[in-house]
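Notes for the one structure printed next.
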Amino acid sequence: MAADWLGSLVSINCGPTLGMYQGEVSSVDQTSQTISLRQPFHNGVRCPVPEVTFSAMDIKELKFLDIQTQSGGSRASAGQGVLSDPGVKSSGQSGQNSRGGYPANNTHSTTAPITILRKGPPASSSNRGPNQATPKKNGVKNGGGGGQMRLRDDECFGADMDEGMDTDFDFEANLALFDKAAVFSQIDGTDCNGARSRGTPGGERGTPTRYRHDENILEVKPVVYRQITVPQHGGKEYCTDSGLVVPSVSYELHKCLLASAERHGLSLERRLEMTGVCASQMALTLLGGPNRLTPKNNHQRPTVALLCGPHVQGAQGISCGRHLANHEVEVILFLPNFVKMQESITNELALYSKTSGKQVASIKDLPVSPVDLVINCLDCHENGVLRDQAWYLAAADWANQNRAPVLSIDPPVSGQKQAVEAKWTLSLGLPLPLDGGEARVYLCDIGVPKQVFQEVGINYHSPFGCKFVIPLHST
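Just so you know, we're using full-length UniProt numbering here: the sequence shown kicks off at 1 and counts up by one.
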């Protein structure tokens, strides 16, 4: 019975050590339990010996690829490179097959074709039929179903892929087919001549418009930087960080503006509060802002010396000191003793006394060591006689010797040199033509409505944007 299988093509799996062998059965010895293959292949490579003999103990699995029977079976010619047959049998179906070296009586089953690669002529790979495919790792097991699915896989993946692989890819010729100038001009939104592409108006089809990151989609009017005009030029002009021109006004026009605002409800008390808030906000920024005023720095609270006179400018300084004290700043207020003071100062002192700030009336009570900031509110717009009094001279001398930076709130316009050299000055509403110097000018918004500006002949558009205090630069 073993002679019936001579000449059949088989595939023998001898495990990972010996590997896979394929060849034609030349002899089967039932006594010694051996099987011999003629013209064998070892792991897809033709063996140097013409015949190999295997013991049943070394065979892990045996598969018949082409069964040669007495009635004749499907045999592939020796010139073909791939052999296939749908009647493949696995030795795993019978224990006698794996140990005895011959198959069971089952001769055919509906399994998908299993193919092996054999060495042949170089052109043999291009002569494969449409249903001859390369072996797959995850194929359907022998004896199982799925033949139709295997045929579909062969139709899809079994085509010859070796044709045309011997020629080299011509990079230069294919690169010449790529029009880089046209592609990059389309990306940049320009035509080949460098002109910007724009869509046609009226809904007609045209090249879609492309904009740079700094271009606006909507058409906008040209920016007008001179948005504030005054009836009388004050003598100086400033500009904001965005380039808006802010002209200065004379003290007389500034006084008329504040009087008109007071008639419409912007009282002195409200103006003092706005000035105090803006000045304290600027002072907190100069002191370090969030980098200095944090809970971790409670042991290093900033100290501010506030020098005030008995007038409206002094009341503005007291309002600023109250807000600073509310923000955990150590404030020392200097205000000389007077028999009679203005009502605005009395009211501000009453509120300031409810804070943790200190008040002194003598220069001797001011700190000897430098403070973090000095706020100067000694000067008055109308009463210039105060500059000659002893308390004024002593306070100005102390400020100049303390070596602390000075912030002057609403300084007056005078032909004389400022008694206290300031590093920053804060103007209200519109700047005054202050004397040139090294002091940087800031402007704060005190809440004067636009129509109030128009009543005094000022064409006004707010230059503040999202802020209440902005820096001004000399033009």
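A virtual CB, placed ideally from N, CA and C, is assigned to each residue, including glycine.
Check                                                                                                                : Outcome
Selected residue, minimal CA-CA separation from D241, among L177, A261 and Y442                                      : Y442
Close Cβ partners of R301 (< 7 Å) along its chain, the five nearest in sequence each way excluded                    : E328, V329 and E330
Any chain C beta carbon closer than 8 Å to K63                                                                       : Annotation note: the requested chain C is absent from the structure, which comprises a single protein chain.
Residue 502 to T167 span [Cα, whole Å]                                                                               : Residue 502 is absent from the model: the chain starts at 1 and stops at 475.
Meets three-Cβ-pair contact criterion under 8 Å: the segment 460 to 471 and the segment 233 to 247                   : yes
Proximity below 8 Å, CB of L428 to CB of T275                                                                        : yes
Rounded C-alpha distance that separates S280 from G457                                                               : 31 Å
Sequence-distant residues of the same chain with beta carbon closer than 7 Å to A399, five excluded per side         : L307, V374, N376, V406 and V420
Beta-carbon proximity check, residue 478 vs V371, cutoff 8 Å                                                         : The structure shown does not extend to residue 478, since the chain is modelled only from 1 through 475, so no value can be given for it.
Check whether L266 and G447 have beta carbons under 8 Å apart                                                        : yes
Inter-residue Cα distance where the pair is H311 and L218                                                            : 52 Å
Start and end residues, alpha helix (DSSP H) containing D188                                                         : K180 to D188
Contact set for K236: own chain, Cβ-Cβ below 6 Å, skip 5 residues either direction                                   : S248 and P433
Three-state class that DSSP yields for F453 in the structure shown                                                   : helix
Closest by C-alpha distance to V246, when choosing among L37, I228 and M57                                           : I228
Among D154, I35, H42 and V28, the one whose alpha carbon lies nearest that of T17                                    : H42
Bridge partner(s) assigned by DSSP for Y238                                                                          : V246 and S474
Nonlocal neighbours in the same chain, by C-beta distance under 6 Å from R205, ignoring five residues either side    : Low local confidence applies: a pLDDT of 48 at R205 is under 50, so the model's placement there is unreliable, and no value is given.
Endpoints, beta strand (DSSP E) assigned at L306                                                                     : T303 to C308
Paired residues, beta bridge with Y23 - DSSP                                                                         : Checking the sequence, you will find Gly at residue 23 rather than Tyr. Its beta-bridge partners are V10.
Test item: CB-CB of L272 and S369 under 8 Å                                                                          : no
Residues of its chain near C47, where Cβ-Cβ distance is below 7 Å and the 5 sequence neighbours each way are ignored : P40 and F41
C-beta contact flag for T425 and P412 at 8 Å                                                                         : no
Through-space distance from N326 to S356, alpha-carbon basis                                                         : 8 Å
Proximity below 8 Å, CB of L9 to CB of S26                                                                           : no
Straight-line gap, D379 to Y392 (C-alpha atoms, nearest Å)                                                           : 9 Å
Exposed unless 16 or more other CB atoms sit within 10 angstroms - verdict on P222                                   : exposed
Where K296 falls: helix, strand or coil (DSSP)                                                                       : helix
Delimiting residues of the beta strand (DSSP E) encompassing D66                                                     : E61 to D66
Backbone CA spacing between H213 and L257 [nearest angstrom]                                                         : 43 Å
Residue closest to V52, alpha-carbon to alpha-carbon, out of G384, L284 and T34                                      : T34
Boundaries of the beta strand (DSSP E) in which E330 is found, first to last residue                                 : E330 to F334
Cutoff 7 Å; reference R292; Cβ partners in own chain excluding five residues on either side                          : P302
Buried versus exposed, by CB contacts within 10 Å (16 or more), R263                                                 : exposed
Cβ distance (whole Å) where C320 is taken to contact I187 below 8 Å                                                  : The pair is not a contact, with the Cβ atoms about 57 Å apart (cut-off 8 Å).
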